[in-house]
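S.K.: Supplied in structure tokens, the structure appears directly below.
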Amino acid sequence: MQKVLEDYIRMCYDGFLQGWHERNGGNLTYRMREEEAASCAPLFSQDRHIALPVEVPALKNEYFITTGSGRYMRNVPLAPQENIGIIRIDDDGRGYTILWGLEGGARPTSELPSHLLNHVSRMEATGGKCRVIYHAHPANITALSYTIEPDAKTLSRILWQSETECAVVFPEGVGILDWMIPGGTDIAAESAKLIRKYPAIVWAFHGIFGSGETFDETFGLVHTIEKAAEIYLKAKGAGIIRTISDDQLRILASAFGVRINEDFLN
Ligand code: 2HA
Ligand code: ZN
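Residue numbers for the sequence shown follow my numbering, so the first one is -13 and each next one is one higher.
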């Protein structure tokens, strides 16, 4: 099997093993490099065309690997051709063609509008480097969203203070979107606005969207955020008497050569 498909499938199952993908929860899209799309061309055997509810001219002619709507991450390694697929965005960015996979009449993830608009935002934010958008339902970061107002400064400070690596891994902070109906174009537009500023955003009472250049970087980002949320909730339950100070966060950022979001420090 093509390496890019192997790596994609591994990430789907890694998320399941973490407990982040109950039932059909979560979804993953990857913007393929030209050579990766070319390596998969021998697989292309369909031309099902579907219109998009959003316009993404910035993604015209891009190839994506996507999970299927209603499909389970748990089943991806067993039958990739039924649970994931490869699509190509139209020339005008208003639709796409399914070229491989999603067999049995499946469609791409219900969160495809959010994924595509998030890709546009993160491509802009990273000078075209971002290729992965990943949505998961980790329990701790979702639980944490019940304990704070939907405010990026509050959330980012909690996470930075909960594990020393955090300020180095996501010095921009993490955004948070208040509860909205999933699967639609409204939540897609709001997410895309927010994710321009942060590599990951939490959907309150729902889960998280993470982004990155590679599968490792994106999975690692979500893993780090979820671990920090777990530590925070454990420490909060036990009783927090002290934490990492703002000066320590500054020293940490300078030691690792990252620019921490000063708006979130006091
Ligand atoms: O794919 O996670 O947000 C199911 C979902 C919707
Ligand atoms: Zn979800």
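Using N, Cα and C, we set each Cβ at its ideal position, and we do this for glycine too.
On a predicted model such as this, the values are computed, not experimentally measured, just so you know.
1. Helix, strand or coil for TYR184 per DSSP?
2. If you run the structure through DSSP and keep just helix, strand and coil, what is SER55?
3. I need the DSSP call for SER177, collapsed to helix, strand or coil.
4. Between which two residues does the alpha helix (DSSP H) holding SER107 run?
5. With 16 as the cutoff for other CB atoms within 10 Å, does ILE165 come out buried or exposed?
6. Under a three-way DSSP split, which group does ARG93 fall into?
7. Which same chain residues, not among the five before or five after PRO63, have their C-beta less than 7 angstroms away from its C-beta?
8. Taking the DSSP output, what are the residues bridged to ILE119?
9. Between GLU158 and the rest of its own chain, which residues show a CB-CB distance below 7 angstroms, the 5 nearest in sequence each way excluded?
10. Which first and last residues belong to the alpha helix (DSSP H) in which THR150 is found?
11. Below 8 angstroms, how does it come out for the stretch 29 to 41 and the stretch 14 to 21: are there three or more Cβ pairs, yes or no?
12. Any heavy atom of the ligand ZN closer than 7 angstroms to the beta-carbon of GLY12?
13. Specify the secondary structure class of LEU85 as computed by DSSP and reduced to three states.
14. So, helix, strand or coil for LEU251, using DSSP?
15. Assuming GLY71 is part of the alpha helix (DSSP H), what are its boundary residues?
16. According to the neighbour-count rule (16 or more other Cβ atoms, all chains shown, within 10 Å of its Cβ), is PRO43 buried or exposed?
17. Put ALA37 into one of helix, strand or coil per three-state DSSP.
18. If you draw a straight line from the alpha carbon of ALA224 to that of CYS152, how long is it in whole angstroms?
19. Sort HIS105, ILE127, ALA241 by Cα distance to ALA214 and report the nearest one.
20. Check this for me: beta carbons of VAL188 and VAL208, under 8 angstroms apart or not?
21. Rounded to whole angstroms, what's the CA-CA distance from ASN47 to HIS192? Just pull it up for me.
22. Using the Cβ count rule (16 or more neighbours within 10 Å means buried), how would you classify MET59?
23. Could you give the C-beta distance for VAL118 and SER197, rounded to a whole number, given that I count them as a contact under 8 angstroms?
24. Within 10 angstroms of the Cβ of ILE70, are there 16 or more other Cβ atoms? Answer buried if so, exposed if not.
M.R.: The short version:
1. Counting from 1 along the sequence shown, the entry for residue 184 is found at position 198. Coil.
2. Against the sequence shown, residue 55 aligns to sequence position 69. SER55: coil per DSSP, three-state reduction.
3. For the purposes of this step, residue 177 is taken as the residue at position 191 of the sequence shown. For SER177, the three-state secondary structure derived from DSSP is helix.
4. Numbered from 1 along the sequence shown, position 121 holds the residue referred to as residue 107. Per DSSP, SER107 belongs to the alpha helix (DSSP H) from 98 to 111.
5. As a first step, residue 165 is located in the sequence shown; it is residue number 179 there, counting from the start. It should be noted that the sequence gives Trp, not Ile, for residue 165. That one is exposed.
6. To locate residue 93, count along the sequence shown from 1; it is residue 107. Three-state DSSP puts ARG93 in coil, outside helix and strand.
7. Residue numbering aside, residue 63 sits at position 77 when the sequence shown is read from its first letter. Here the set comprises ILE(-5), TYR(-1).
8. Looking up residue 119 in the sequence shown gives position 133. THR15, SER197.
9. For this step, residue 158 is matched to residue 172 along the sequence shown. Contacts found: LYS183, TYR184, PRO185, ASN247.
10. Position 164 of the sequence shown, counted from the start, is the residue given in the question as residue 150. Segment: none, THR150 is in no alpha helix (DSSP H) and carries neither H nor E.
11. Flag = no, the stretch 29 to 41 and the stretch 14 to 21 do not touch.
12. The residue given as residue 12 occupies position 26 in the sequence shown. Yes, the beta carbon of GLY12 sits closer than 7 angstroms to at least one heavy atom of the ligand ZN.
13. For the purposes of this step, residue 85 is taken as the residue at position 99 of the sequence shown. Correct three-state label for LEU85: strand.
14. The sequence position of residue 251 within the sequence shown is 265, counting from 1. Here LEU251 sits in coil by DSSP.
15. Numbered from its first residue, the sequence shown carries residue 71 at position 85. Counting along the chain, GLY71 falls outside any alpha helix (DSSP H), though it belongs to the beta strand (DSSP E) covering 70 to 75.
16. For the purposes of this step, residue 43 is taken as the residue at position 57 of the sequence shown. With fewer than 16 other Cβ atoms within 10 Å, it is exposed.
17. Working through the sequence shown from its first residue, we reach residue 37 at position 51. Strand, per DSSP.
18. Here the question's residue 224 lines up with position 238 in the sequence shown. Here the question's residue 152 lines up with position 166 in the sequence shown. Between the C-alpha atoms of ALA224 and CYS152 there is a straight-line separation of about 21 angstroms.
19. Translated into the one-based positions of the sequence shown, residue 214 becomes position 228. Minimum Cα distance to ALA214 is reached at ILE127.
20. Sequence index remark: in the sequence shown, residue 188 carries index 202 (1-based). Sequence index remark: in the sequence shown, residue 208 carries index 222 (1-based). Their beta carbons are not under 8 angstroms apart, which means VAL188 does not touch VAL208 by this criterion.
21. Locating residue 47 in the sequence shown gives position 61, where the first residue counts as 1. Locating residue 192 in the sequence shown gives position 206, where the first residue counts as 1. Going by the C-alpha atoms only, they are around 31 angstroms apart.
22. Residue mapping note: residue 59 aligns to position 73 of the sequence shown, counting from 1. It counts as buried.
23. Here residue 118 refers to the residue found at position 132 when the sequence shown is read from its first residue. Here residue 197 refers to the residue found at position 211 when the sequence shown is read from its first residue. Indeed, because the Cβ distance is near 6 angstroms, the residues count as touching under 8 angstroms.
24. The residue labelled residue 70 in the question sits at position 84 within the sequence shown. With 16 or more other Cβ atoms within 10 Å, it is buried.
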